[in-house]
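These notes are about the structure you will find just below.
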Amino acid sequence: MPKKQEAVAKSKRVKASESAGVITKETPQKVDGAVQTAQVVVAKKAEAPKQASTPAVVVLGSKQFVVKGGEELIVEKLSHKDGDIFVTEDILHGKKVTCTVAGPVAGPKIDILKFKNKTRYLRHMGHRQKYTKVIVTSIA
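Position 100 of the sequence shown, counting from 1, maps to 100 under UniProt numbering, and the rest follow consecutively.
Pasting the structure below:
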């Protein structure tokens with residue numbers, strides 16, 4: 001398409017712009033013989049809630065984790081029940097980290113086989129390690 005035709009085609013299209021989370025449309029309209037553009041608000045963008053930007057280092061289940069607000073972790077099995085809220089402390093800065101227990105989780109299955117040749121000895125066993133899913137709700 002030649003450049004002049006592209007320019008004409010672009011000017012006839014409805015222009016959309018985004019500023020400060022608001023989507024607006026500019027539509028050309030004729031008023032008293034002159035072409036004017038009117039802005040119509042189409043939609044507002046939903047802003048995501050801001051989480052704590054500074055990470056915290058916490059000890060959960062004898063291991064250390066670097067966490068941020070809203071993050072989900074799978075840690076060693078904890079004694080807390082499903083839905084319990086508990087507070088732990090940041091190792092570095094001494095901040096209070098609030099966590100919610102989302103429930104128990106089982107790890108991958110490991111198959112164990114014991115076999116001795118020429119004696120008809122064969123044993124099958126399996127194991128799944130138990131973990132706890134934890135959601136970090138806030139860091140203060």
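Note that CB positions come from ideal geometry on N, CA and C, so glycine has one too.
Where residue i falls, given that 16 or more other Cβ within 10 Å makes a residue buried
i, result
"Ala140", "exposed"
"Gln51", "Annotation note: pLDDT 48 at Gln51 (below 50); position unreliable, coordinate value reported separately. With fewer than 16 other Cβ atoms within 10 Å, it is exposed."
"Gly83", "exposed"
"Leu60", "buried"
"Val66", "exposed"
"Gly94", "exposed"
Cα-Cα separation, residue i to residue j
i, j, result
"Glu76", "Lys109", "16 Å"
"Gly103", "Thr132", "6 Å"
"Lys118", "Gly69", "58 Å"
"Glu72", "Gly126", "28 Å"
"Ile74", "Lys116", "38 Å"
"Val136", "Thr54", "13 Å"
8 Å Cβ shell around residue i - same chain, five flanking residues per side excluded
i, result
"Gln64", "Val57, Val58, Ile91"
"Arg128", "Ala106, Gly107, Pro108, Lys109, Ile110"
"His80", "Phe86, Val101, Thr132"
Integer-rounded CB distance, given that residue j should sit under 8 Å from residue i
i, j, result
"Thr98", "Ile112", "Wrong, their Cβ atoms sit about 39 Å apart, outside the cutoff."
"Leu78", "Val101", "7 Å"
Own chain, CB closer than 7 Å to residue i, minus 5 neighbours either side, in chain order
i, result
"Glu62", "Residue identity differs from the one stated: residue 62 is Ser in this sequence, not Glu. Contacts found: Glu76."
"Phe120", "The question names Phe, yet the displayed sequence has Arg at residue 120. Excluding residues within five positions, none has a Cβ falling inside 7 Å."
"Lys130", "Lys77, Pro104, Ala106"
Nonlocal neighbours in the same chain, by C-beta distance under 6 Å from residue i, ignoring five residues either side
i, result
"Thr88", "Val58, Val97"
"Arg123", "Lys114"
"Ser138", "Gly69, Thr98"
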